[in-house]
Amino acid sequence: MTGNTDTGEVAMEAGKPSGIRQTAASSTLDDPRFQAIRDALAAVRSHTAPTRTTSHATWEDDRGMNERVKRLRHQSETTQPYLDMERALIETATYLRYEGTVSTPELRGLVLRDYFAHKSISIEPGELIVGEKGRGPQAAPTFPELCCHTLEDMHNMNDREQVNFTVTEDDLAAQRDIVIPYWTGRASRDAIMRAQEPAWHDAYEAGIFTEFYEQRAGGHTCLGSERGVRAGFGEIRADIEAALASLDYLADEHAVAKRDELSGMLIALEGVQTLAIRYAELASAMAADESDPVRAAELSQIAENCRVVATERPQTFWQWIQRYWFIHLAITSETNPWDAYTPGRLDQHLIGHYRADVASGALDRDRALELLECLWVKFNNQPAPPKVGVTLKESGTYSDFANINTGGITPDGADGVNEVSYLILDCMDEMMFIQPNSNVQISRKTPRRFLLRACEVARAGWGQPAFYSTEEIVDELLAAGKSLADARRGGASGCVETGCWGYEAYPLTGYFNLPKILEVTLHNGVDPRTGKLIGLTTGDPRGFASYDELFDAYCAQMRHFIDIKVRGSNINTQLCARLNPVPFMSIMTEDCIARGQDYNAGGARYNTTYLQGVGIGSITDALASLRLNVFDEHRVSMGEMMDALDANFEGERFAALHGMVSRRTPKYGNDDDYADDIMRSVFACFRDAVTGRPNMRRGEWRVDMLPTTCHIYFGEVTGASPSGRLAGEPVSDGISPERGADVNGPTAVIASCAKMDHASTGGTLLNQKFAPAAIEGERGLENLADLVRTYFDMGGHHIQFNIIDRATLLDAREHPENYRDLIVRVAGFSEKWCNLGRELQDEIINRTEQAF
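The letter at position 571 of the sequence shown is residue 772 when you use this note's numbering, and the numbering goes up by one with no holes.
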């Protein structure tokens, strides 16, 4: 860290916060465990941040509108992500001091309060927005209450080639001597694994599904309610205190539980206010010592901003951004939510302050853009917390999916594009970061100028912005039971997932491997990789007399595994609610205060649980091949097909069969109803087996269709497919066709994809790739905009683009040192090419290169 720093020395005998009931706590001054934590904190803090190389040798040739932004961006990009043990150590001290003397919601509030009271803070040279989740830029705190990493895990984080984190010997010592002894067996991951039945473990280990709660927590929401967007922290405190005062201990059997939750909210809120005041005091001290009068004035204003937002409503554009950033840090520090928080409709939240500040002369367009670019740096400074194992395979990226929506409509249905919308497009174009994960909402009222400018930014070839249909988002939310007013406040977060921001808890639970289920079906319930019976015995497929009999068996297997997944995830969400309530996230989500109930426990106005289907293109092509070649035209027997699959199509015997199923069989993505009708049938089977199930949080299950990077993992565990896909190759991503299967151009792709009932999902993801030459000039830009409009008019939810040619990607694969800053679109996120594994690089290279 290069800025002034306050290490927030841990005072183990700090007084109880005002919001908590007074209870006895043993003295900690002489407890050797606390001295060990102090020593460990001093050791891990002694290390400076590691560095890495980018294509920008100095800040002068980096991106940004001016010297300030270029310097901050350069620091962000040249700092190597590193493990930060501060949070884990401070949290352990909090548990040692308070566990057993306070309720769990109060304990979780104390974790946030103590971390924000004692974590290291700094203000970097030139910063206008202050605050980091860890010790500094690119610091990645750990969350042992969710997943207590082994020393082997930590060595893996440090040593792996992609998405690695520097881990020091002092970090390892702190984990070995303090964190592991306390948290092993206590982390929620341990509770989750103990709670599952053998059938769940069998399916999980086979790659039928993944489990998001295995290393992370529920989350996945955005700023959106009036309280979250506008209210001062002092007003929010008064709301919580009023809810506490109104509790009815005579008639309400849940009054004590509500008291505990509301008390936890007060403690968590105090923690955020404490952090703001600490930054105000640090900025004031730095201003007093600053010799440059311009920087001294900036630091004084930063101090004033922090003091205001600690209690009051933000009064300016600058203060609103600072207030949001403290909220963001609180949400992502109290737990490790999947996915990170986001301001949602940032342009609409800021436009009132922008216009008022411009009218008063306090702000101009350049200053507003500078503040946005400083905020973008802050997002980029926060790598997703380290992941290992299957969780790394399903989400192998530094991006934490803070998905900012721009455009769309206002809550009253008017066009939502405003002056700040264009500023945000300019900001993302200039900064070119992998995060925040920016998108644009395109409604029927969106000006053509805005759509063309968004396409122009996308044409730069780094995968942002993604494009979403506002009307489809609203339809999806209405279909899920939201009011029209609340639906219009919603949007897409994470990758593509639809939610009612500030009013809904809609955690994702994991990915579901649609092609693998066919493999299990074709082997009569057995996973051929292991020889273990994990599914239903639906019969030897060689005896199936019709395609309908095969499809019925496939759907029966699917329902069987969905039963296992839903049962397991319902248990996991309840464990998460009991072990890891999130009082601050609950403050930011309506109606948790009014109900006195946690976000994780059903306190939100709406409560949805999602299961993500993966590989719809692969399973469609596989079933189309079986239907045409085995049952309709009898080109091959089921026995011959099974032999070919077991042999992975290897050998002269199967060469002709592989060519037939690969090139002379209908494929999804070509506007061919033979294949597309099968896609609709598979989707309907999946959707109907999930949607409407109770989720134990006063809500229901729903589906969405996205993979992150899980299509690579699911391909690794799935054998050869009847479509010609070979064993171990990736399955299709999102609702995209299989690589190379879509041969009739982009309009045929969107025609096939639009046949899915998007409105009955919580989001779908469509990837398309174009060579730069295909969209050159004004005509190329118009074609791209028309493709987006047409798809959305047909009912599509989302589309995104890689604008890069195959030759460039092949060269980047062979010479990564020449492409350190090359960014590509993967699934619902962008990532640097060099951070992707070879399998994922090859998958992107082999996507169909479209042209108009």
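Quick reminder that beta carbons are idealized off the backbone N, C-alpha and C, glycines included.
Beta-carbon proximity check, residue i vs residue j, cutoff 8 angstroms
i	j	result
C628	L564	no
H421	P538	yes
I1089	A400	This structure gives no information on residue 1089, because the portion of the chain shown stretches from 202 to 1053.
K683	I913	no
S622	T607	yes
N582	S323	no
T475	F317	yes
A444	A241	no
F1030	F602	yes
R660	L985	yes
T254	R1021	yes
T774	R898	yes
A477	A511	yes
L723	M843	yes
H643	Y669	In the sequence under discussion, the amino acid at residue 643 is Ile, which differs from the His named in the question. Cβ atoms of I643 and Y669: closer than 8 angstroms.
V950	D943	yes
D994	A972	no
A456	L467	no
L988	L653	no
V904	F887	yes
A481	A504	yes
A856	P867	no
Buried or exposed by the 16-neighbour rule on C-beta atoms within 10 Å, applied to residue i
i	result
Q1048	Looking at the sequence itself, residue 1048 is Arg, so the reference to Gln does not match. Buried, because 16 or more other Cβ atoms sit within 10 Å of the Cβ of R1048.
A974	exposed
H835	exposed
R650	exposed
Q236	exposed
S838	exposed
S937	buried
I437	buried
Q1042	buried
E346	buried
P784	buried
E705	buried
S492	exposed
D453	exposed
P895	exposed
I1045	buried
Enclosing beta strand (DSSP E) for residue i [first to last residue]
i	result
E595	First-last for E595: 590-595, but that is the alpha helix (DSSP H), not the beta strand (DSSP E).
E698	698-700
S247	Where S247 is concerned, there is no enclosing beta strand (DSSP E), given that its DSSP letter is neither H nor E.
S323	322-324
Q636	Element bounds for Q636: n/a, residue is neither H nor E.
A693	692-694
P342	340-342
S1031	1031-1033
R649	R649 -> not in any beta strand (DSSP E); alpha helix (DSSP H) instead, spanning 649-660.
Any non-hydrogen atom of the ligand FMN closer than 7 angstroms to residue i Cβ
i	result
A341	Ligands in the displayed structure: none, and consequently the ligand FMN is not present.
Boundaries (first-last residue) of the alpha helix (DSSP H) holding residue i
i	result
S277	268-279
A778	748-780
Y450	Neither: Y450 is in no alpha helix (DSSP H) and is coded neither H nor E.
I788	784-788
R460	456-490
I569	Residue identity check: residue 569 is Ala in the sequence provided, not Ile. Segment 566-581, the alpha helix (DSSP H) holding A569.
Y623	620-632
D847	839-847
Y283	No alpha helix (DSSP H) contains Y283, which is instead part of the beta strand (DSSP E) from 283-285.
Bridge partners - residue i, DSSP secondary structure assignment
i	result
M815	The amino acid occupying residue 815 in the given sequence is Val; Met does not appear at that position. According to DSSP, which records beta bridges pairwise, V815 is partnered with N714.
W902	T810
R546	N606
V641	T607, F668
F1002	Q969
L734	V727
Q1051	F971
Distance between beta carbons of residue j and residue i, contact taken as under 8 angstroms
i	j	result
I1000	Y992	6 angstroms
T738	N725	6 angstroms
L313	I238	Rounded, the Cβ-Cβ distance is 18 angstroms, inconsistent with contact.
G664	R1026	3 angstroms
E574	M266	6 angstroms
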